[in-house]
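Engineer:
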Amino acid sequence: MTYNKKLTSLACVLFSTALMGNNLIAATNPAALLPIDCMANAKIYPSRDYALNVWPKDSIVAEVGIFRGEFSKKIIDIVQPQKLHLLDINLEPFNRTNITGYEEKTQIQEGDSSTLLATYNDGFFDVIYIDGDHRYEGCKKDAVEAFKKLKVGGLLVFNDYTHFDQFACRPYGMPYGVPAVAHEMLLDPSLNLTISYLALQPSGFYDLGLLKN
Ligand SMILES: C[S@@+](CC[C@H](N)C(=O)[O-])C[C@H]1O[C@@H](n2cnc3c(N)ncnc32)[C@H](O)[C@@H]1O
Numbered sequence: 002m003t004y005n006k007k008l009t010s011l012a013c014v015l016f017s018t019a020l021m022g023n024n025l026i027a028a029t030n031p032a033a034l035l036p037i038d039c040m041a042n043a044k045i046y047p048s049r050d051y052a053l054n055v056w057p058k059d060s061i062v063a064e065v066g067i068f069r070g071e072f073s074k075k076i077i078d079i080v081q082p083q084k085l086h087l088l089d090i091n092l093e094p095f096n097r098t099n100i101t102g103y104e105e106k107t108q109i110q111e112g113d114s115s116t117l118l119a120t121y122n123d124g125f126f127d128v129i130y131i132d133g134d135h136r137y138e139g140c141k142k143d144a145v146e147a148f149k150k151l152k153v154g155g156l157l158v159f160n161d162y163t164h165f166d167q168f169a170c171r172p173y174g175m176p177y178g179v180p181a182v183a184h185e186m187l188l189d190p191s192l193n194l195t196i197s198y199l200a201l202q203p204s205g206f207y208d209l210g211l212l213k214n
């Protein structure tokens, strides 16, 4: 390869890397820096399954976005909620065997999660697990509605709290918004939320649990 050709190919690599970087940055909503006070009592757990051990037992729980129901089964096994509300816009993938034996304590609803959440009384839930629409607008609607429906002392948990989702942001064609939404909620003094825990996951898609004070 001549010197000129080498230079041209290096320039191509640098240009495409820069272009890709810009796309990726543009596809992720930046999350605001948080103050230390909101994490003063935060715990860190090895996984989201482990974190289920700190959810209150015999509680009223909602899982927003359930897909096949595999995490719903873990909630049932570990938390044993008094009532589990499962919400998803599409129940086709849901595998009912995941709630076997718990049918009477489970309510399953199909529809847009923020619209469904709005039908509950304020202060109804002990825990709301948000894992539906991960785009900024959808996640924000869920979070705002969920906050109202949560008891004081309740947990608002954001799944897929990741600052960079290389898989989801492009197909969605909209900025990925989970951390931006979670941080906005934490920074709103009228909500009085603090971080209860960060649950790690090997994939880097963490859970952030917020306490409603
Ligand atoms: C990542 S999956 C949930 C996985 C599940 N929580 C688990 O941990 O196994 C996201 C789910 O959110 C649902 N979803 C997306 N947008 C939604 C919306 N606006 N309302 C309700 N559900 C929605 C999808 O249908 C999908 O089943």
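Residues 2 to 214 in our numbering are what the sequence shown spells out, letter by letter. We put the CB at the ideal spot given by N, CA and C, even for glycine.
Heavy atom of ligand 1 less than 7 Å from the Cβ of N88, yes or no?
Structural biologist: The sequence shown places Leu at residue 88, not Asn. For ligand 1, at least one heavy atom lies less than 7 Å from the Cβ of L88.
Engineer: The alpha helix (DSSP H) spanning I79 covers which residue range?
Structural biologist: Counting along the chain, the alpha helix (DSSP H) containing I79 begins and ends at 71-80.
Engineer: Decide if D127 is buried, meaning its Cβ has at least 16 other Cβ atoms within 10 Å, or exposed.
Structural biologist: Flag for D127 reads buried.
Engineer: Looking at L53 and I76, is the spacing between their C-beta atoms short of 8 Å?
Structural biologist: Contact: yes.
Engineer: Can you round the beta-carbon distance between K44 and V80 to whole angstroms, since I take them to be within the 8 Å contact cut?
Structural biologist: Not really, about 17 Å apart at Cβ, beyond 8 Å.
Engineer: DSSP three-state call for T98: helix, strand or coil?
Structural biologist: T98: helix per DSSP, three-state reduction.
Engineer: Kindly identify the DSSP beta-bridge partner or partners of I86.
Structural biologist: Inspection of the sequence shows that residue 86 is occupied by His rather than by Ile. DSSP output for H86 lists A63, Q108 as bridge partner(s).
Engineer: What three-state label does DSSP hand F148 in the structure shown?
Structural biologist: Here F148 sits in helix by DSSP.
Engineer: Thinking C-beta only, is H135 closer than 8 Å to G178?
Structural biologist: Contact flag set, yes.
Engineer: Which residue marks the beginning of the beta strand (DSSP E) containing T195, and which one marks its end?
Structural biologist: 194-200 is the extent of the beta strand (DSSP E) around T195.
Engineer: Return the first residue and the last residue of the beta strand (DSSP E) that V128 is part of.
Structural biologist: Counting along the chain, the beta strand (DSSP E) containing V128 begins and ends at 126-131.
Engineer: Secondary structure at N160, three-state DSSP: helix, strand or coil?
Structural biologist: In this structure, N160 counts as strand in the three-state DSSP scheme.
Engineer: Say the cut is 7 Å; is the CB of I67 nearer than that to a heavy atom of ligand 1?
Structural biologist: For ligand 1, at least one heavy atom lies less than 7 Å from the Cβ of I67.
Engineer: Could you name the residues of the same chain whose beta carbon sits closer than 7 Å to that of G155, not counting the 5 residues immediately before and after it, in chain order?
Structural biologist: Excluding residues within five positions, the ones whose Cβ falls inside 7 Å are F126, D127, V128, K213.
Engineer: Relative to the C-alpha of P203, which residue among V65, H184, A32, Y51 is closest?
Structural biologist: For the residues V65, H184, A32, Y51, the minimum Cα distance to P203 belongs to Y51.
Engineer: Closer than 7 Å: is that where the CB of S296 sits relative to any heavy atom of ligand 1?
Structural biologist: Any property of residue 296 remains undetermined from this structure, which presents the chain solely from 2 to 214.
Engineer: From the DSSP output, in three-state form, read off K213 for me.
Structural biologist: If DSSP states are grouped into helix, strand and coil, K213 belongs with the strands.
Engineer: Counting pairs of beta carbons, one from the segment 140-153 and one from the segment 181-200, are three or more of them closer than 8 Å?
Structural biologist: Segments in contact, yes.
Engineer: Sort E93, I196, T101 by Cα distance to L85 and report the nearest one.
Structural biologist: Ranking the options by Cα distance to L85, first place goes to T101.
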